[in-house]
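S.K.:
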Amino acid sequence: DMAVLLVKYGRSDLVRTSGIDSKLALPDEAGEPGRARDATRLAEDLERMGPAFVKLGQLMSTRSDMFPPEVLDALSRLQDELEAMPFDVVERIVQEELGVRMSKAFEDFDPKPVAAASLGQVHKARLRDGRLVAVKVQREGIRETVRGDLEALDGISTFLEEHTAPGE
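Numbering-wise (my numbering), the sequence shown opens with residue 27 and increments by one.
1. Apart from the five residues just before and just after P137, which ones in its own chain have a Cβ nearer than 7 Å to its Cβ?
2. Out of V163, T88 and D99, state which residue places its alpha-carbon closest to the alpha-carbon of E122.
3. By the DSSP assignment, the beta strand (DSSP E) with E133 in it spans what residues?
4. In or out: D91 buried (at least 16 other Cβ within 10 Å) or exposed?
5. Which stretch, first to last residue, makes up the alpha helix (DSSP H) that contains A143?
6. Under a Cβ-count criterion, where at least 16 other Cβ atoms within 10 Å of its own Cβ denotes burial, should S129 be classed as buried or exposed?
7. Where does V161 fall in DSSP's three states?
8. So, for A69: in the same chain, excluding its five sequence neighbours on each side, which residues have a beta-carbon less than 7 Å away from its beta-carbon?
9. Given a cut-off of 8 Å on the beta-carbon distance, is the pair S183 and V80 in contact?
10. Please say whether V115 and A65 have beta carbons closer to each other than 8 Å?
11. Whose C-beta lies closer than 6 Å to the C-beta of A151 among residues of the same chain, with five residues either side of it excluded?
12. What separation, rounded to the nearest whole angstrom, lies between the Cα atoms of L153 and R63?
13. Grouping DSSP H, G and I as helix and E and B as strand, with all else coil, what is R152?
14. With 16 other CB atoms within 10 Å as the buried threshold, where does D155 fall?
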């Protein structure tokens, strides 16, 4: 995935010098990098690649010293435009984590999230004793997904250290 991303966004030199290009079916060069359309596609690609890559995109969106405005604008949508989990999934996760039905733990649980992010979402709820609380619900399988993403990012950082001038 990352090799395709590098080629797609103008860094095919890194992929080709590594020698892995002969093992992959890579797309043709992306052409002129930095256009708004390419920046939007970059944000979409990072979102498809997984939560750790969304976090990477979120970090990139704060670096106006490193990226052009088109890229910053496209990546900034990763900050707050993520789809919420359906409530039936939220309910199942909460019940599995607590080990009881939601009605036993909460007097009221708002099915509409206050916020949805790459790792989870937050719901308002009221405990049985009347206290208002915020309940953060992790996305299903997120621990394993992030672990795999971080291993991939570790491999990418090692590769970049070995194949780029800043890594020297």
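Ideal Cβ positions, reconstructed from N, Cα and C, are used throughout, including at glycine.
M.R.: Straight from the coordinates:
1. Result list for P137: F113, in chain order.
2. Per the Cα distances, V163.
3. Boundaries of the beta strand (DSSP E) harbouring E133: F132 to F135, taken from the DSSP string.
4. It counts as exposed.
5. That residue, A143, is in no alpha helix (DSSP H); it is neither H nor E in DSSP.
6. Around the beta-carbon of S129, fewer than 16 other beta-carbon atoms lie within 10 Å, marking it exposed.
7. Shown here, V161 sits in a strand according to DSSP, grouped into three states.
8. Cβ neighbours of A69 beyond the five flanking positions: G83, A100, L101, R103 and L104.
9. For S183 and V80, no; Cβs fall outside 8 Å.
10. Not a contact, by the Cβ cut-off of 8 Å.
11. The beta carbon of A151 sits closer than 6 Å to the beta carbons of F132, F135, V159 and V161 from its chain, once the five residues preceding and following it are set aside; these are given in chain order.
12. A straight line joining the alpha-carbon of L153 with that of R63 spans about 47 Å.
13. Three-state result, R152: strand.
14. Around the C-beta of D155, fewer than 16 other C-beta atoms lie within 10 Å, and the residue is accordingly described as exposed.
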